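Here the structure is laid out as structure tokens; the discussion comes afterwards.
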Amino acid sequence: MELAGIKNVLTKSLGSTNVINVVRATEDGLKRIKSPSQIAKLRGKSLKDFFSSPEGSKESKIKNKNE
Numbered sequence: 036m037e038l039a040g041i042k043n044v045l046t047k048s049l050g051s052t053n054v055i056n057v058v059r060a061t062e063d064g065l066k067r068i069k070s071p072s073q074i075a076k077l078r079g080k081s082l083k084d085f086f087s088s089p090e091g092s093k094e095s096k097i098k099n100k101n102e
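Its first residue numbered 36, the sequence shown is counted upward by one per residue in the working numbering.
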């Protein structure tokens, strides 16, 4: 994984510990990864919906207090 430039990855293998099967499963999992924009498009939402802070967040409370 690190040779491919992927860092901070935690995996768990259930069932077979055969090296070939683990490598194939890892490759399949990496192929299925989608970007945030792809997921937003599938759900019919914008990226702001995913990354904006909720109304009750600490930042919005501080902004309201300072106004």
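Even glycine gets a Cβ: it sits at the ideal position worked out from N, Cα and C.
It should be emphasised that the depicted structure is a prediction, and the values quoted were computed from it without experimental measurement.
Pick helix, strand or coil for Leu38, following the three-state DSSP scheme.
helix
Using the three-state DSSP reduction, which class does Asn56 fall into: helix, strand or coil?
Helix.
Measure the alpha-carbon distance for Thr46 versus Val58 and round it to whole angstroms.
12 Å
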